[in-house]
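In order, the protein sequences belong to chains A and B. Here the numbering used here is used: the first residue of the first sequence is -2, the next is one more, and so on. Here the numbering used here is used: the first residue of the second sequence is -2, the next is one more, and so on. All C-beta atoms in this analysis are idealised placements derived from N, C-alpha and C, irrespective of residue type, glycine included. Everything on this sheet refers to the single structure shown next.
Protein chains: 2
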Amino acid sequence: MADPVSENLSEESTEKNLLADLLDQPEKNSLLLNELLELHPADFADQFEQLSNDERESLIAETPALISPDVLAELEDEVVENILPLLQPGQIADAITELDNDDATQIFEEMEDEQREEVLDALQPGDRANLEASLAFDDETIGRLMQRDFVAAPAFWTVGDAIDHMRAAGEELPELFYNIWIIDTAFHPKGFVPVSTLMRSPRSAALESLMNNQIMTIDQNMDQEEAAYIFEKYHLISAPVLDADGRITGVMTVDDIIDIIQDENKEDILALAGVSEAGVTDTAFSTVKARAPWLFLNLLTAILASLVIAQFDYKINQFVQLAILMPIVASMGGNAGTQALAVAVRSLAERDLTTQNTWRVIRRELVAASFNGLIFAVALALIAYLWFGRQDIAMVAFIAMIINHIFAGLAGIIVPLSLKRFGFDPAVSSSVFVTTVTDVIGFLAFLGFAALMLPAI
Amino acid sequence: MADPVSENLSEESTEKNLLADLLDQPEKNSLLLNELLELHPADFADQFEQLSNDERESLIAETPALISPDVLAELEDEVVENILPLLQPGQIADAITELDNDDATQIFEEMEDEQREEVLDALQPGDRANLEASLAFDDETIGRLMQRDFVAAPAFWTVGDAIDHMRAAGEELPELFYNIWIIDTAFHPKGFVPVSTLMRSPRSAALESLMNNQIMTIDQNMDQEEAAYIFEKYHLISAPVLDADGRITGVMTVDDIIDIIQDENKEDILALAGVSEAGVTDTAFSTVKARAPWLFLNLLTAILASLVIAQFDYKINQFVQLAILMPIVASMGGNAGTQALAVAVRSLAERDLTTQNTWRVIRRELVAASFNGLIFAVALALIAYLWFGRQDIAMVAFIAMIINHIFAGLAGIIVPLSLKRFGFDPAVSSSVFVTTVTDVIGFLAFLGFAALMLPAI
């Protein structure tokens, strides 16, 4: 049974990389270049990203024009950062002029200061002003990402007025748009008319009669994650962005929102695993840099757990069975805690976990943890008894397992909630806290009860 | 310093739940009902989901009309499943008639067989045929999710022809659309014209001259994840869905794609943590059911690790320090493996990890793992020496740490790649395999070298 995902992987393996061919067989250049120019920029970018650093450099040295503005917009940030020093300021300025605001800003962000100056000097005054206006906003806010061009009309216009205006405005309009914002004289949004509604209505209809006034707006200083949530919740295709006075100053469209959603999801999944950032184009060095700090933190918490074990070394000396069983208790707790944590982090990201249902969710985790704890406490006690033939060791395993499961479940929900309450990202560093709890409690409960309940030999 | 996320949480806490108020203060009914009717269906659904099961039931018993078709479409699947038995077949049939195809199908899927019959009988023949056509497709394929209404036009039409046609067609057209598909006489797509392009072009322009022929199409049997990838990669707002003969049979739009993306992301993040499925509305029982199987699997692998420890119990009897240090080696390996795994699973989901760069990525993981292994091997060796004053134990810790880090890095990338190669979801069950490797190798390397290198006492 072949699933679509693996089929795809094998398809890709037989698919040739045109760029690699170009490097291997320079004699076929013109033929390959033609094929390359017909590629969608996103496909071109994919193939380019598969190349090694050296291959990329020699390709750009040979044919810099291959890196078109659209390709530059499709490439991953790290790749853009790597190749920008290889491009001329003029080429970059042309790309920035041609691209949408958000793409232009992102490319600019990847440059060194010196190159920035050169590129700014090469820009037309209007484009330069636009770029500088975007850069005035904080990173990851909507002001940086929004388009500055949009289509607005007063409510008293008819469909015919709007169509005539758009036909006349031509190049001033954004290339693609999905809604026309209905504004008052002060540029405050009153509602919107989807372009498809405009299209099917008679020329004489007033925009006011077609207008939907349940309009969702976005503040220019809003965090991108918040904006993505609004788009997702209300199924928006585009939304007007308002300045401090509530006037429309730009527009966000859903294609950029998808990129934000994927970035935030990637951040969460990596943060839960203790990785700061990652991409397939990373070097071994950046990989070490992104992971070592979390491993170091884990080392500290593992030592903490070892200090707990060390307190009971005399008991392990008497019963080596304790050393054999104790990792099971810690491991089961760690897993149960990670489960609860992943569910909580995801619920927080989806805004499903609010102050209204917090207690219900904590109670649910507690009940589920107790129940799972009981199941696996019985299982481990049975195993311990069959393995070592001692009721007392089985009893110690039973108690420790229940206790650790309960702590695991509670830590899995309370740690991310607390991090969020104090203004931190609940996905980042939660895992370390939760496994510290489950390791320490696991060893402490198991060895502690062993010290209490097993006879001194 | 307040971050936007935590601010939001506290905002929500002061926000009242209108539905809860309605239940608490029936005397204010008419006032609250008016307020409720002005809520966006997505907000209404949010408030409804926060209620307990009992509250939901009494609310529906009192005012079933509150559950409008749009609200039904916004509610989470589990909630829909719970409340459907409380609604009359007529009300459900009305909702199915009014809703988009994909929403109607999803609601139908949540019904018991008996209720399905009643609802099908209450539907108009045309709506019933539409619903049955969607249900004929496999779950999670595009055929189930697509809209069946779309706007198509032949290339020889002018802008004026298209506008006149749309004005005449009225209700037959989908409520919102973003592109007009240009087709030949056999309904094969040749290209598309965005509605905004149509809008700003003169009436006399031929569609052929406006048409973009770089059209991305989706097969009706395509898996939803594959379709989401295509939308994301090519920044699509809508795409035509083709039947087996390559004719347009429907259309997918980006708002449904966002739901798919979020579902798949949720699946990945939960699968990596060993949770089958989860939502904030789950009961404690469904929580246990979703987590216990993975905990059971973890119990088996933990026992495997314990069996390894048991082979060396005589050595632990001689050196209790081994019992104190061995969890550190296993824990560090587990963390390093989880890091590599999360990066690999995410790269696979984003299709960044292909057969072309597999070896490069494996090599990178190997180098990074060796380097991190070396750093933390030195750290642990130092700690072991300072703690226990024995060079030989420090040496054992040093060697075991390097070995386990290397196995962790390799398992983190090779396990998900292998799962995918054999047609399994790389996120599901990867964690168990990886931590089994790091636990078993961690204990085996540490205790094995201890047995070899430490003197028999």
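Worksheet item: What number of angstroms, rounded off, separates the C-alpha of residue 96/A from the C-alpha of residue 66/A?
Response: 7 Å
Worksheet item: Can you list the residues of chain A that residue 163/B reaches, using a CB-CB cut of under 7 Å?
Response: 196, 197
Practice prompt. Can you check the stretch 264 to 348 of chain A for any alpha helix (DSSP H) of at least 4 residues that lies completely inside it and give the ranges in chain order?
Written response: 281 to 308, 310 to 315, 318 to 346
Worksheet item: DSSP state of residue 144/A, grouped into three classes?
Response: strand
Worksheet entry | Span separating the alpha-carbon of residue 369/A from that of residue 281/B | 10 Å
Fill in: For residue 373/A, the residue or residues it bridges with in DSSP
Per DSSP, none; premise fails for residue 373/A.
Worksheet item: When the Cα atoms are used, what is the spatial distance from residue 156/A to residue 193/A?
Response: 12 Å
Practice prompt. Kindly list the residues whose CB is nearer than 7 Å to the CB of residue 389/A, restricted to its own chain and excluding five residues on each side of it in sequence; keep chain order.
Written response: 450, 451
Worksheet item: Taking the Cβ atom as the reference point for each residue, do residue 102/B and residue 220/B lie within a distance shorter than 8 Å?
Response: no
Fill in: For residue 246/B, the first and last residue of its enclosing beta strand (DSSP E)
245 to 250
Worksheet item: Cβ atoms of residue 191/B and residue 176/B: under 8 Å apart, would you say?
Response: yes
Discussion item. Can you tell me whether residue 164/B is helix, strand or coil according to DSSP?
Written reply: helix
Fill in: Through-space distance from residue 205/B to residue 154/B, alpha-carbon basis
8 Å
Worksheet item: Looking only at C-alpha atoms, which of 240/B, 294/B, 106/B, 249/B sits nearest to residue 79/B?
Response: 106/B
Discussion item. Whole angstroms are fine: how far does the CA of residue 295/A sit from the CA of residue 149/A?
Written reply: 54 Å
Practice prompt. Take the Cβ of residue 201/B as the centre, count every other Cβ of all protein chains shown within 10 Å, and call the residue buried at 16 or more, exposed below.
Written response: exposed
Worksheet item: Do you know how far the Cα of residue 293/B is from the Cα of residue 367/B?
Response: 32 Å
Item to complete: Could you run through the stretch 245 to 260 of chain A and flag, in chain order, every residue whose CB is less than 9 Å away from some CB of chain B?
Response: 250, 251, 252, 253, 254, 255, 256, 258, 259
Worksheet entry | Amino acids of chain A, ordered along the chain, whose beta-carbon sits closer than 7 Å to that of residue 314/B | 317
Discussion item. So with CB distances below 9 Å, who are the chain B contacts of residue 37/A?
Written reply: 211, 213, 230, 231
Discussion item. As a quick exercise: from 76/A, 61/A, 43/A, 17/A, pick the residue whose alpha carbon is nearest that of residue 52/A.
Written reply: 17/A
Worksheet item: What are the boundary residues of the alpha helix (DSSP H) that residue 437/A is part of?
Response: 427 to 450
Worksheet item: Within 8 Å (strictly less), CB to CB, does residue 320/A reach chain B?
Response: yes
Fill in: Own chain residues within Cβ distance below 8 Å of residue 444/B, not counting five before or after
305, 306, 308, 309, 312, 313, 319, 323
Discussion item. Three Cβ pairs or more, each shorter than 8 Å: is that satisfied between the stretch 335 to 355 of chain B and the stretch 323 to 333 of chain A?
Written reply: no
Discussion item. Pop quiz: residue 285/B and residue 365/A are said to be a contact at Cβ under 8 Å. What is the actual Cβ separation, rounded to whole angstroms?
Written reply: 5 Å
Discussion item. With the cut-off set at 8 Å, would you say residue 132/B and residue 125/B are in Cβ contact?
Written reply: no
Practice prompt. To the nearest angstrom, report how far apart residue 418/A and residue 262/A are at their CA atoms.
Written response: 20 Å
Worksheet entry | Coarse secondary structure for residue 367/A, derived from DSSP in three states | helix
Practice prompt. Residues of the stretch 135 to 148 of chain A with a CB closer than 7 Å to any CB of chain B: list them in chain order, please.
Written response: none
Practice prompt. Under 8 Å by Cβ, that's how I've got residue 243/B and residue 210/B pegged, so tell me the actual separation to the nearest angstrom.
Written response: Not really, about 15 Å apart at Cβ, beyond 8 Å.
Practice prompt. Leaving out five residues on either side along the sequence, give the residues of the same chain with a beta carbon under 8 Å from the beta carbon of residue 270/B.
Written response: 428
Worksheet item: Leaving out the 5 sequence neighbours to the left and right, which residues in its chain are closer than 7 Å to residue 384/B when beta-carbon positions are compared?
Response: none
Practice prompt. Kindly indicate the opening and closing residues of the beta strand (DSSP E) around residue 235/B.
Written response: 235 to 239
Practice prompt. Return helix, strand or coil for residue 220/B, following the three-state DSSP convention.
Written response: strand
Discussion item. If the cut-off is 9 Å on Cβ atoms, which residues from the stretch 69 to 91 of chain B count as contacting chain A, listed in chain order?
Written reply: 71, 73
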